[in-house]
Amino acid sequence: MVNFTQITVKDIAKEVKDNCLLGIPADYSGVPMSVTIEIIKNKTKGLRLYCLPLTTIQGDMLIGSGCVNEIETAAVTLGEYGQAPRFQDAIENSKINIKDSTCPALHAQLQATEKSVPFMPLRGILGSDLYNNRNDWSVIDNPMNNSNTNDEKIVILPAVQLDILIFHASKADINGNVQIGRRRELATLAHASKKVYVTVEEIVDEDFFDSELKAAATLPSLYVDGISLAKNGAWPCGLTDYYDIDTIEMSKYANAAKYQETFDEYMRDFISQNNYSNI
Amino acid sequence: MVNFTQITVKDIAKEVKDNCLLGIPADYSGVPMSVTIEIIKNKTKGLRLYCLPLTTIQGDMLIGSGCVNEIETAAVTLGEYGQAPRFQDAIENSKINIKDSTCPALHAQLQATEKSVPFMPLRGILGSDLYNNRNDWSVIDNPMNNSNTNDEKIVILPAVQLDILIFHASKADINGNVQIGRRRELATLAHASKKVYVTVEEIVDEDFFDSELKAAATLPSLYVDGISLAKNGAWPCGLTDYYDIDTIEMSKYANAAKYQETFDEYMRDFISQNNYSNI
Amino acid sequence: MTEIFQSEIIISEISNLLKDDKHVAIGAASPIPGSAALLAQEERKNTNLKLQVTILHSQKFNNFTDGSRELFDASAQGRIDTFFLGGVQIDGEANINLVGTGRYPKLDKRFSGSFGSALMYFVVPKIILFREEHTPRTLVKKVDFISAPGISPPNIYRPGGPKYLITNKALFSFNKKKKNFKIEKINPEFTLNEVIKSTGFEFKTNKNLKYFTMPSQKRIHILRNLIAPKVLNFYPQFAKKLWFN
Amino acid sequence: MTEIFQSEIIISEISNLLKDDKHVAIGAASPIPGSAALLAQEERKNTNLKLQVTILHSQKFNNFTDGSRELFDASAQGRIDTFFLGGVQIDGEANINLVGTGRYPKLDKRFSGSFGSALMYFVVPKIILFREEHTPRTLVKKVDFISAPGISPPNIYRPGGPKYLITNKALFSFNKKKKNFKIEKINPEFTLNEVIKSTGFEFKTNKNLKYFTMPSQKRIHILRNLIAPKVLNFYPQFAKKLWFN
């Protein structure tokens, strides 16, 4: 018996509505691959991905599967496995819109929502073509006289409210608190999202708040709308202290994704193999 | 053997120069009382206290001892032990300047420095006499059109850079990392301070980064300029998981501090008793 | 029948005000609101509408993990339904003063300070003003210093604000449009005239004026046996005085 | 004498550029800079000037605890001395392009994206540009897309910026005032003319042009025995190819 809303991976995927703004964790923050497959099976359309600050195979798969309309990100890459082929193809052939950004801007826009302020200032950015291609960003004269730079120009970025965030984590406790460890960007994402769903490797019979050490590594249940058990839920991505990235599968994907046809074939196999036993 | 700068409580107090802007942790964040006494013994003058977001006996003692010129805070209080008498006296008789603030503004001003942006916007505040008495705060028209409030006015707060931060914590590891647990406001304070000194209950023979759980509760040594062992270093304040507030001593202080004469007498005793054995 | 303390009646009344809340937060030096919130939580334990109570000065009842700014961030995000504010002075337009009396900054009598009121009062939908002392010096015509204003013009972002004021003599509701308080309940130990005389501002009277409700024996039992020991943990002085002396 | 790989020579050269640093951070997909930083750290282990190395894609060499924004915050605070940036294209004014070639947004060839360059390039005092491939298609006259500009006007806050550019053929320094690169060292396998021909922009030549320094046997020993196993942890593909095949 747990004291929180325990749902299935399929149920989580159903919460991802067409055209919603979906928060995407980086490869090191717990990639919710098991849910991603279900989203693809649901043929969800028009997703807008907000990456903090980048995406790897998750974003590339969603794009290749035609689920994505727009992506706001600092990078899409398969890391050591090369460029993200479906993303490249989608951009080079104008299949999706892109809001090219830079990591600290993606953080700051969520921090604005976290504080419920309409914008955040950020230094840098000016003089880049990132700025020149973003009509949601503006520049103001620094209204403070506390800077050493005279007549300073500074960028202001809009607050971004996510519709839904999904990530994979190691553990939840019986009261629905989620262990995120040092991955505090997950807290920022959660604070800035209307709905938050989490898949976990295990649900443990304790309350993380009974230990100050565990509490410090916890995202409180207050921000979590539903949790699903999903063993190996990040596979083929890795999960700290649980499993490393599956280098063979990643190479296989990187190779297959080069062309739409081989990608489609790969995805058919990937889906039919039912890699996440407990869905 | 430790791999960090281990110094004495007296050495830390010497780093607190006349007229510097000193970061003050709240009563729940680890009050560095052992250093505070040394600052008082040094007859340090002209301190400007920046409280995140309030202070209790530490601020009141420093004020009563004539060390303080200005205080920026959301509150000075002895909590269940009543008002802070030396603070009250100093305000009612114009002995110190006060920048009356509100908790989220004190956080936001440090977060601005954390991000090295010149200001932070914050909602609320307008219509209060706090705003009317702060000439370092301003108001601008919300430059974004992402708000439901038409022609919204919003306050902007300047970034505040602390000269020095001192706090008391439970543990440091052999590499100078400090366990702060859930007290993440200490990280914000440290990020926004030029120098950071910490007193701890114990130095443990391990590296917190060897465990993800401990790492999540850690302020990295990167932000720490020196650490001193100081058993009961927060006394008579409490320290989570170590000791509770000393209710008898707090009552004694609250009573003595009502008048300058009895406060002076109390302080003479307090100093001569040498409460922190390992200084 | 056991004697019921005045503080218990107020705790009980406050508890009733938390009916539909999902998350109530309790700030500094608020033992009575804290007890009320824990009471409401206990009574709804076996229902579908759980109540989360965050007591900032407790380790156990504080599930925040993002440092002391999380209360303010979470409130600004709209995740806190009810918060309590007090005041050295509270006036008829619900302006609150936590700073002191006299002329700022060299006040006649300085109090602790504004805490988080200047944001919380703007963003938390249901702010309950609580001040036990109900006299012309606490409930005033106009506060000497506005820590946070009761009302704001339309060009200020303000999803939250004052909903109730409760004292040891009466419970008032606040009408944002009319900018005034209306009396809803009265402590049976006082007459309406006594309340009017003790109040420095004018308020709207009420044809359906009710008395403070006596807490049931069951509620008193829960309060003394289940809630009091919890309160002892984080407001020891208060709990000892009321329940363990 | 053991054969020394080209990559090891570049690692050694980069390591020399980190001489006075206290804290070097390594971002995404940077195995050569990462190896260089760990080498410098190892060689300074018993000196008074310790080097902290933060490798973002490692658990072990990443002592940040404030989430993935901490690199950017710490850099903006001035706590990171050196950071590395690459580029699909780099031009003669040190503008870098991490986004792609062709006309934005419908590019001919899309690359991963700008990562944190648009802030890091402004705030980290010593940015070392690193791109192994040294050809007219990587070192261009003008980049097709500016992920981050090499220089900024005086009304832009910019304590940081480009200091060096290193490729498999040469090491350049950047002069902020003259807005140009100057060649400092050359890989002995190439002539200056070959370097000029492989470079799409004009750079300043150097009367005191030096060759890349061959790493000492001791340094190669450290690199292969102490650094390579560490690199294997967080850049497995790279380490396997270079050292463990």
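Chains as they are written, first to last, in my numbering: chain A, 184 to 462; chain B, 184 to 462; chain C, 11 to 255; chain D, 11 to 255.
Heads up, the beta-carbon is just placed ideally off N, CA and C, and yes, glycines get one too.
Expressed to the nearest angstrom, what Euclidean distance is found between the alpha-carbon atoms of residue 186 of chain C and residue 274 of chain B? Translated into positions along the third sequence, residue 186 of chain C becomes position 176. Translated into positions along the second sequence, residue 274 of chain B becomes position 91. Cα to Cα, residue 186 of chain C sits roughly 34 Å from residue 274 of chain B.
Below 8 Å, how does it come out for the segment 241-253 of chain A and the segment 401-409 of chain A: are there three or more Cβ pairs, yes or no? no
Which residue's Cα is closest to the Cα of residue 204 of chain B: B/256, B/340, B/221 and B/185? For the purposes of this step, residue 204 of chain B is identified with residue 21 of the second sequence, where counting begins at 1. That would be B/256, whose Cα lies nearest to the Cα of residue 204 of chain B.
Residue 191 of chain C and residue 211 of chain C closer than 9 Å at C-beta: Numbered from its first residue, the third sequence carries residue 191 of chain C at position 181. Numbered from its first residue, the third sequence carries residue 211 of chain C at position 201. Contact flag set, yes.
Kindly list the residues whose CB is nearer than 7 Å to the CB of residue 168 of chain C, restricted to its own chain and excluding five residues on each side of it in sequence; keep chain order. If you number the third sequence from 1, residue 168 of chain C lands on position 158. 132 and 162, listed in sequence order.
Residue 213 of chain D: which of D/244, D/180 and D/223 sits nearest, CA to CA? Indexing the fourth sequence from 1 puts residue 213 of chain D at position 203. Nearest option by C-alpha distance: D/180.
Helix, strand or coil: which one does DSSP assign to residue 244 of chain C? To locate residue 244 of chain C, count along the third sequence from 1; it is residue 234. Of the three classes helix, strand and coil, the one that applies to residue 244 of chain C here is helix, per DSSP.
State yes or no: is the C-beta of residue 48 of chain C within less than 9 Å of the C-beta of residue 65 of chain C? Taking the third sequence and counting its residues from 1, one reaches residue 48 of chain C at position 38. Taking the third sequence and counting its residues from 1, one reaches residue 65 of chain C at position 55. Against a cut-off of 9 Å, the Cβ pair of residue 65 of chain C and residue 48 of chain C comes out as a contact.
Cβ neighbour criterion (16 or more within 10 Å) applied to residue 80 of chain D: On the fourth sequence, position 70 is the one that residue 80 of chain D refers to. Residue 80 of chain D comes out buried.
Can you tell me where the beta strand (DSSP E) holding residue 234 of chain A begins and where it ends? Numbered from its first residue, the first sequence carries residue 234 of chain A at position 51. Segment 230-235, the beta strand (DSSP E) holding residue 234 of chain A.
Contacts around residue 19 of chain D, its chain only, beta-carbon distance under 6 Å, and the 5 residues preceding and following it disregarded: Along the fourth sequence, read from residue 1 onward, the residue named residue 19 of chain D stands at position 9. Closer than 6 Å at Cβ, skipping near neighbours: 222.
Out of curiosity, what's the CA-to-CA distance linking residue 301 of chain A and residue 289 of chain A? Counted from its first residue, the first sequence places residue 301 of chain A at position 118. Counted from its first residue, the first sequence places residue 289 of chain A at position 106. The straight-line gap from Cα to Cα measures roughly 15 Å.
Taking the CB atoms as reference points, tell me whether residue 234 of chain D and residue 253 of chain D lie closer together than 9 Å. In the fourth sequence, residue 234 of chain D corresponds to position 224, counting from 1. In the fourth sequence, residue 253 of chain D corresponds to position 243, counting from 1. Against a cut-off of 9 Å, the Cβ pair of residue 253 of chain D and residue 234 of chain D comes out as a contact.
Helix, strand or coil at residue 208 of chain A [DSSP, three-state]: Counting from 1 along the first sequence, the entry for residue 208 of chain A is found at position 25. If DSSP states are grouped into helix, strand and coil, residue 208 of chain A belongs with the strands.
Three Cβ pairs or more, each shorter than 8 Å: is that satisfied between the segment 295-314 of chain A and the segment 121-139 of chain D? yes
Could you check where the alpha helix (DSSP H) with residue 42 of chain C kicks off and where it finishes? In the third sequence, residue 42 of chain C corresponds to position 32, counting from 1. 41-53 is the extent of the alpha helix (DSSP H) around residue 42 of chain C.
Using 8 Å as the Cβ pair cut-off and three pairs as the minimum, do the segment 100-113 of chain D and the segment 291-306 of chain A touch? no
Could you check what DSSP says for residue 412 of chain A in three-state terms: helix, strand or coil? The residue labelled residue 412 of chain A in the question sits at position 229 within the first sequence. Looking at residue 412 of chain A - three-state DSSP - the assignment turns out to be strand.
If the cut is a Cβ gap below 8 Å, which residues of chain D does residue 139 of chain A touch? For residue 139 of chain A there is no data in the structure shown, the boundaries of chain A being 184 and 462.
Going by the DSSP bridge assignment, what does residue 111 of chain C pair with across the sheet? As a position in the third sequence, residue 111 of chain C is number 101, starting the count at 1. DSSP, once it has assigned bridges, lists C/119 as partnering residue 111 of chain C.
Is residue 109 of chain D near the ligand SAM - that is, is its Cβ less than 8 Å away from at least one heavy atom of it? In the structure on display, the ligand SAM does not appear, and there are no ligands present to speak of.
Nonlocal neighbours in the same chain, by C-beta distance under 8 Å from residue 454 of chain B, ignoring five residues either side: Start at 1 with the first residue of the second sequence, and residue 454 of chain B comes out as number 271. Answer for residue 454 of chain B: 220, 223 and 224, listed in chain order.
Contacting positions in the segment 312-339 of chain B - beta carbon closer than 8 Å to chain A: 321, 323, 325, 326, 327, 329, 330, 335, 337 and 339
Is the Cβ-Cβ distance between residue 199 of chain B and residue 351 of chain B less than 9 Å? Reading the second sequence from its first residue, position 16 is the one you call residue 199 of chain B. Reading the second sequence from its first residue, position 168 is the one you call residue 351 of chain B. Cβ atoms of residue 199 of chain B and residue 351 of chain B: not closer than 9 Å.
Could I get the ranges of all uninterrupted alpha helix (DSSP H) runs contained in the segment 80-165 of chain D, with 4 residues as the minimum, in chain order? 80-86 and 127-133
Residues of chain B with a CB under 8 Å from the CB of residue 26 of chain C: which are they? On the third sequence, position 16 is the one that residue 26 of chain C refers to. Per Cβ cutoff of 8 Å: no residues; residue 26 of chain C is ~26 Å from chain B at best.
What residues from the segment 40-68 of chain D come within 7 Å of chain B, judged by C-beta to C-beta, listed N to C? 62
Just the C-alpha distance for residue 366 of chain A and residue 33 of chain C, rounded to the nearest angstrom, thanks. To locate residue 366 of chain A, count along the first sequence from 1; it is residue 183. To locate residue 33 of chain C, count along the third sequence from 1; it is residue 23. If you take the alpha carbons of residue 366 of chain A and residue 33 of chain C, they lie about 26 Å apart.
For residue 205 of chain D, which of helix, strand or coil comes out of DSSP? Reading the fourth sequence from its first residue, position 195 is the one you call residue 205 of chain D. Looking at residue 205 of chain D - three-state DSSP - the assignment turns out to be helix.
Residue environment, residue 8 of chain D, which counts as buried when at least 16 other CB atoms sit within 10 Å: Residue numbering for chain D in the displayed model covers 11 to 255; residue 8 of chain D lies beyond these limits and cannot be assessed.
Residues that residue 290 of chain A bridges to, as DSSP identifies them: Position 107 of the first sequence holds residue 290 of chain A. Residue 290 of chain A pairs with nothing; no bridge assigned.
Delimiting residues of the alpha helix (DSSP H) encompassing residue 57 of chain D: Walking along the fourth sequence from the start, residue 57 of chain D turns up at place 47. Careful: residue 57 of chain D lies outside any alpha helix (DSSP H) and carries neither H nor E.
Top-ranked residue by Cα proximity to residue 372 of chain A, from A/281, A/208, A/364 and A/238: The count along the first sequence starts at 1 and reaches residue 372 of chain A at position 189. With distances taken between Cα atoms, residue 372 of chain A lies closest to A/208.
If the cut is a Cβ gap below 9 Å, which residues of chain D does residue 283 of chain A touch? Reading the first sequence from its first residue, position 100 is the one you call residue 283 of chain A. What residue 283 of chain A touches in chain D: 109, 114, 115, 123, 124, 155 and 157.
Residue 122 of chain D, buried or exposed, once every other Cβ within 10 Å from all chains shown has been counted against 16: Looking up residue 122 of chain D in the fourth sequence gives position 112. Per the 10 Å Cβ criterion, buried.
Taking 8 Å as the cut-off, does the segment 412-420 of chain A touch the segment 381-394 of chain A (at least 3 CB pairs, one atom from each stretch)? yes
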